[in-house]
Every structure is written in structure tokens, then in C-alpha cells.
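Position in the sequence shown counted from 1, then plus 175, gives you the working numbering. All C-beta atoms, glycine included, are put in the ideal place defined by N, C-alpha and C. This report concerns only the one structure given below.
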Amino acid sequence: MKKGYIYRQDKPVHWSSSSRTALAEAELEYRDDHQSKSVYVKLPVINSTLNSQEGLKDNLYILIWTTTPWTLPANQAVSINPNIEYSIVCPNNDTLMTQNNYIIATKRLDALQKILGTELNVKFTFKGQQLIGTTYIHPISEKQCKIIDASHITEESGTGLVHIAPGHGMEDYEACKKFDILTFCPVDKFGIFTSEVGESTFEVENFKHKYSYDWRTKKPIILRATPQWFANVEAFKQQAIKLLEDVKMVPKSARYRSLYHEGVPIPVFYESETDVPLLTDSSVEHIIEIFKKHGSDGWWKLDDQELLAPEYKNNGKTYRKGNDTMDVWFDSGVSWTFILEQTKKKKNLILQHLYLEGSDQHRGWFQSSLLASVAVNDKAPYSTLITHGFVMDEQGQKMSKSLGNVINPSTVIKGGKNEPAYGVDVLRLKNIMSQVGENIRKYRNLNNFKYNQLVEYEKLNLIDKYMLHETYNCGKNIKIFYDEYAFNKVVQALNNLSNVLLSAFYFDIVKDRLYADHITSQSRRNVLTVLYHILNIYTISLSPIVPYLAEEIYGDYKNIRHKENDSVFKLGWYDLNNQLLQQEWNTLKHLRSEVNQLLEAARKDKPIKSSLEANVELYVNSTELLQLLQNHDATTSLSSE
């Protein structure tokens with residue numbers, strides 16, 4: 176308010192007659208199958224150079240088309256494109272009063288002949304510029320109105336002339352504002368309008384088109400000019416847009432998207448006799464102190480005198496409190512103020528400037544938070560925006576209470592309606608990927624291995640070291656995915672590690688060592704050591720997504736090592752900067768790939784049925800490669816021949 180952003184003015188707003196309140200853009204739903212009665216209305220033209228043409232003095236009309244005939248009494252002007260060619264036409268049909276002449280856009284001639292069901296004879300053509308400033312008779316009140324310039328008008332629909340009602344549309348409002356034409360709105364808060372269009376109606380037809388509905392009542396809305404309080408967003412819009420350049424958007428495509436007695440009241444009073452608003456620093460500061468004690472509900476519960484600041488109680492005037500409330504997004508849009516207050520109270524509190532919501536909040540919470548913060552603090556309230564998708568019903572439709580297709584999360588977790596209880600982790604993982612039950616079972620199976628004594632890395636076999644190397648690479652990628660908020664990729668990486676590296680590769684190779692070797696043997700302990708490290712990475716990686724399962728698994732193996740934390744969430748992230756990540760593994764992986772290709776060729780040629788039947792002999796012509804293989808004891812016999 177101190178910056179001059181707040182003002183009051185009559186403006187068209189989205190008005191719900193069914194709930195008798197103004198609606199924000201975010202509270203609208205759009206339907207493509209709305210049916211309207213579109214009308215063609217004739218308006219007598221006077222004081223035009225065209226009236227001087229022979230036979231046009233008293234029977235010349237402009238023909239307008241509108242899908243909102245109820246706005247005709249609020250007509251204040253007709254707009255025309257000065258660059259479009261128009262024609263004066265006469266219907267070739269006695270039932271349509273052939274003595275009358277009508278002005279339409281020339282390119283609309285064929286379409287209008289079909290709609291009106293008669294041939295239209297062209298008498299005269301001219302540019303729209305010739306009609307600018309011409310007056311016509313209002314369809315209801317008989318007052319004189321002007322034809323104004325509007326170069327945005329097209330010849331794609333209607334007649335090429337547009338009815339302007341500034342009290343029922345923002346475009347009309349802005350068009351009339353340029354010419355100082357007053358706003359007029361004869362529709363009340365109930366949406367009741369008793370006047371009739373009258374004899375000016377020329378033709379009526381059904382028209383199917385996209386239209387706005389109230390998201391609560393599911394009823395169509397209207398545009399209606401009412402006294403409203405506004406924040407002048409234009410004053411800081413460009414600054415807000417510029418500040419968004421420094422905000423991280425997840426996904427990146429999100430960067431390019433587009434009055435109840437409930438909620439936050441506008442703390443304004445009005446003089447009882449003059450209706451002049453009272454909104455000053457002192458009056459607002461007094462209300463703030465009251466809200467600290469009673470909350471914002473105090474505005475509705477306390478009487479006017481209790482709310483009025485002391486300096487205005489005995490100044491010879493009487494005041495009444497207003498009933499207007501902030502936009503429905505305002506209270507959530509300033510939620511960052513509470514967070515900032517908490518950071519002041521707790522010095523060690525780490526604040527992450529991150530907002531997480533669905534794509535519908537780009538025009539809702541995300542936008543209202545940004546605009547409110549820029550207006551007050553000249554900065555964005557967040558550094559990162561994460562946009563998630565929506566859970567759909569079985570038909571792929573967005574869930575809605577009004578449609579009755581909502582799947583209650585508590586039913587998924589606890590069961591009900593003949594459905595089993597799946598638990599919290601299944602629900603969380605379901606939001607990231609499918610085949611939840613199978614994945615959960617695989618994660619649990621990893622915990623079935625029991626551990627005794629762990630061994631040092633240097634004592635591991637080559638295959639064990641290779642498996643650890645691949646696991647740590649997977650962990651490194653998972654850390655990147657979490658930093659990018661790509662939770663689905665986290666699960667995909669873990670499933671790849673489980674299905675490809677563990678189940679199909681490592682488990683198949685080490686099962687004899689694990690189940691047949693002596694319980695205290697070095698080879699078996701090697702496998703257990705590898706599985707311990709793999710399970711640790713698995714558990715930590717899973718914990719943000721399926722916390723209960725991760726905590727359960729960790730509870731089974733946390734005592735293997737001394738001084739372990741009592742919760743997986745106290746472990747922190749695993750350290751990937753260790754000796755396991757070595758460049759030599761690229762060489763070993765390449766060698767393994769070459770050997771596998773030869774074994775596959777042998778299987779195709781039938782010398783062997785399985786790679787387990789083969790004895791591989793390596794002939795190495797590189798001293799470095801020979802040394803590498805000897806260091807890892809990769810084969811029974813090594814030679815540089």
C-alpha cells in the first residue's frame with residue numbers, strides 16, 4: 176500500500192451468479208461444448224456520410240453478432256476494423272423487410288447468406304475507416320453511441336462489426352477506456368437481467384463454443400463490472416519476470432507454460448454517507464494488531480467500532496467495514512512470510528527455497544507467491560520450482576470430487592471397499608512408476624541375506640570389485656537424479672541394478688560361493704561384504720521414496736557395524752569418492768565385452784551350449800594389461816605370449 180500498488184476501480188471481473196462472488200482466473204474451468212444463443216442485431220445508423228447515398232437515409236443499419244445477447248443493454252459502442260472492406264447489402268426476401276440495408280464485412284457475405292437463408296444483394300462497398308466516428312441508435316435505450324476503431328477485428332466470424340459492452344469484458348473495457356466511454360453494467364449479483372432485446376433482433380442461432388465455468392458450482396459465469404480492489408501488477412510485472420530467470424524450473428518446460436466471507440479480508444472502511452474508502456497506514460496497522468489477537472476471522476466477528484482505529488472514531492464521520500476479500504490465492508501466496516519468520520526464530524534452521532506443486536499452480540500459488548514477494552521484497556520467494564503431474568482415474572481423467580472419480584489415498588493405504596491395504600510405501604512408489612508390488616518384493620529380497628564379518632576391499636575377488644564399482648557408479652547417478660528431482664529415474668536406476676547387475680549377473684555367479692562354501696570362508700565373506708555395501712546404497716537411495724521399507728531394512732542390518740546410527744535418515748549420503756572408482760575398470764569392462772562376443776559366437780556355431788562350458792585363454796600383447804590382470808588374479812593362468 177505504501178508503494179501505491181493498491182487501488183479501487185470498476186472493472187469487469189469473472190462473476191459467478193451461482194455463488195454470487197468474483198472469481199480469479201485460477202478458479203475457472205473451461206468447457207468446449209457450451210451452448211449459447213448467438214444473435215444478429217440490427218442497429219440504425221445516423222449521421223454518416225453513407226446516409227447521403229440514394230435510398231439509405233432512413234433505412235441503413237449496421238449488423239452486429241454476439242454470443243452474449245444479455246450484454247446488449249450494456250452496449251456502449253460498436254467497433255470496426257478501418258482496414259477491412261465492408262458492403263452495404265439488401266436481403267432479397269420480403270419476410271426480412273427488403274427495404275432495409277445492412278452493413279457487413281464483404282468476406283462474410285457467403286456465410287451470412289447461408290445463416291440468414293436469403294440472398295444478399297451488394298449495393299455499395301467501402302473501407303471501414305469511413306464509418307469511424309459514425310453514430311448509431313442503442314438497441315434498448317434509444318441513446319446515440321459511436322462506432323470506434325479496433326484494428327484487431329477479423330473477418331473469420333460474425334459480421335465484421337463487434338458489439339462493445341465495457342461492463343462485461345476486459346477487451347471491451349480497455350477499448351472504451353481509450354475513448355473515455357463510461358462503463359455500464361445493468362446485471363445484478365444474482366445474474367438477473369429483466370430487460371429484453373426487443374425488436375432489434377434480426378436472427379437467432381445456437382452456437383457451440385468454449386466457455387468459462389465456476390470450478391465449485393460447475394455453472395457458467397459471466398463478466399460483470401463491479402467495484403474491486405486491485406494490486407497494480409503492471410508496476411512490477413517486468414521485475415517479476417526478470418527474477419524468474421534465476422529460478423530453477425523442474426521440469427525445464429515448466430518455464431514456458433500460462434468474494435467469499437472466508438479467506439483474508441481487505442481491511443478497508445467506507446464512509447457511510449459518501450462511500451469514500453478509508454485505507455491508511457494507521458487504519459491498517461490497527462487491524463494488524465487485532466488480527467494478531469483474533470486472527471483474520473476477527474474482521475467478521477468483531478463490530479465496526481472495535482475494528483476502527485481510535486483516531487477515526489470521533490472525527491464527525493461514521494464508517495462501515497467492507498465485505499471484500501483478497502483474491503483466493505492471496506493467503507497461500509504470502510505463506511513465505513511465515514517461513515521467513517521461523518528462520519528468524521531458529522538461527523540454525525536451513526531454508527530451502529523450493530516450491531512443489533502441480534502444473535495448475537503456475538497460474539495459482541506459484542504466480543501469486545512471486546507477485547506478492549516482488550511487490551514487498553523486490554525478490555522471488557523461491558529459487559526452485561518443481562512441477563509434478565496428476566494422478567488420473569482408470570479412464571485417464573483428472574480426479575475431481577464433483578465427478579466422483581477420486582481414489583482416496585487412505586483407501587490405498589488402509590484398504591476398504593473390498594480393496595486390500597497396500598501401505599504408505601506402495602502408494603508413494605506408485606506415484607513414480609508401475610509394477611509396484613514386484614519392485615517392493617525385489618527390494619525386500621535383498622534384505623534376506625544375513626551378514627557376519629566384512630572383509631577389506633583389497634581381499635575381494637575381481638568379480639566382487641567389479642560389482643562394487645558398478646554399484647557405486649549407480650549410486651553416483653542416483654545422486655545426480657535426486658539433485659535434478661528426477662525421482663522416476665532414481666527408481667529406474669535401482670531396478671536396473673537389481674534386475675540386470677544383481678539378479679541376472681552377480682547372483683548367478685556367486686550363488687555357489689554364498690550357499691555351498693563354508694560359512695567362515697574367505698570367498699563367502701567376500702560376497703557378504705559386497706552385498707552389505709550394495710544394500711547400504713540401496714537403502715539410502717530408497718529412503719526418500721519408500722521411507723518405511725528403508726527403515727525396516729536398515730533396522731535388520733544396522734548392528735553389523737559398531738556405532739551405526741539408529742535411523743537410515745541419520746546416515747547422510749554415501750561417499751562416492753573412494754578407491755573403487757578407478758580408470759582401470761574401463762579396460763576390464765572392454766575386455767569382458769570382447770570375451771562375451773566370442774562366447775556368443777561359439778554358442779551360435781554349437782561348439783558349446785553355455786558359456787559355463789568354456790575355458791577362456793587370454794593371449795595378452797600388452798605388459799600393462801598383463802599386469803592389470805595379474806593384480807586382480809583374473810585367471811588361473813596368465814601369459815604374455
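Where residue i falls, given that 16 or more other Cβ within 10 Å makes a residue buried
i: I514; result: exposed
i: R767; result: exposed
i: R195; result: exposed
i: G612; result: Only weak support exists for where G612 lies, its pLDDT of 41 falling under 50; the coordinates are left without a value.
i: I783; result: exposed
i: W475; result: exposed
i: D347; result: buried
i: N835; result: In the structure as shown, the chain starts at 176 and stops at 816, and residue 835 therefore has no counterpart that could be examined.
i: H693; result: exposed
i: Y794; result: exposed
i: R432; result: Legend: pLDDT at R432 = 49, less than 50; position of this residue unreliable, value from coordinates given subsequently. Per the 10 Å Cβ criterion, exposed.
i: E371; result: For E371, the predicted structure reports a pLDDT of 36, less than 50, and the residue's modelled location is therefore unreliable. A value from the coordinates is still provided. The residue in question, E371, is exposed, as its Cβ has fewer than 16 Cβ neighbours within 10 Å.
i: D479; result: exposed
i: G470; result: exposed
i: D269; result: Residue placement at D269 cannot be trusted, given a pLDDT of 48 that sits under 50; the coordinates are not used to answer.
i: I441; result: buried
i: H343; result: buried
i: K625; result: Residue confidence for K625 is low, a pLDDT of 45 falling below 50, so the modelled location carries little weight and cannot support an answer.
i: E769; result: exposed
i: G564; result: exposed
i: M567; result: exposed
i: A691; result: exposed
i: T369; result: Caution applies to T369, whose pLDDT of 44 falls short of 50 and renders its modelled position unreliable; the value that the coordinates give is listed next. By the 10 Å Cβ count, T369 comes out exposed.
i: V362; result: buried
i: W511; result: buried
i: G591; result: exposed
i: H338; result: buried
i: R699; result: buried
i: H436; result: Per-residue confidence for H436 stands at a pLDDT of 44, beneath the threshold of 50, marking its modelled position as unreliable; no derived number is given.
i: N663; result: exposed
i: N583; result: exposed
i: V743; result: buried
N- and C-terminal bounds of the alpha helix (DSSP H) containing residue i
i: S544; result: W540 to N552
i: P722; result: P722 to Y732
i: A679; result: First-last for A679: undefined, no H or E at that position.
i: F301; result: Element bounds for F301: not the alpha helix (DSSP H) but the beta strand (DSSP E), L295 to K302.
i: T646; result: L637 to D658
i: I465; result: D456 to H469
i: E330; result: Element bounds for E330: n/a, residue is neither H nor E.
i: K352; result: M345 to K352
i: L888; result: What is shown of the chain runs 176 to 816, which leaves residue 888 out entirely.
i: K476; result: G473 to K476
i: K289; result: L284 to L291
For residue i: DSSP bridge partner residues
i: R183; result: W404
i: S254; result: I323 and V337
i: D389; result: L203
i: V188; result: R399
i: P782; result: Per DSSP, none; premise fails for P782.
i: K573; result: M567
i: L529; result: T559
Distance between beta carbons of residue j and residue i, contact taken as under 8 Å
i: I684; j: I638; result: 6 Å
i: Y713; j: L676; result: Not confirmed; about 12 Å, so no contact.
i: F444; j: G491; result: Not really, about 15 Å apart at Cβ, beyond 8 Å.
i: K240; j: Y215; result: With the sequence shown as reference, residue 240 is identified as Trp, and Lys is not the correct amino acid for it. The Cβ separation is near 5 Å, so the contact holds.
i: E481; j: S457; result: The Cβ separation is near 16 Å, so there is no contact.
Run of the beta strand (DSSP E) containing residue i, from where it starts to where it stops
i: N276; result: N276 to A280
i: T559; result: T559 to H563
i: C265; result: E260 to P266
i: W240; result: L235 to T241
i: E420; result: Taken as a continuous stretch (DSSP letters only), E420 belongs to no beta strand (DSSP E), as it is neither H nor E.
i: F444; result: F444 to E446
Whether residue i touches residue j by CB criterion (8 Å)
i: F359; j: I323; result: no
i: G335; j: I259; result: yes
i: L398; j: H189; result: yes
i: P257; j: S332; result: no
i: T281; j: Y311; result: no
i: P266; j: T293; result: yes
i: E330; j: R391; result: no
i: N296; j: Y236; result: no
i: T401; j: D207; result: no
i: D389; j: S191; result: yes
i: T559; j: H528; result: yes
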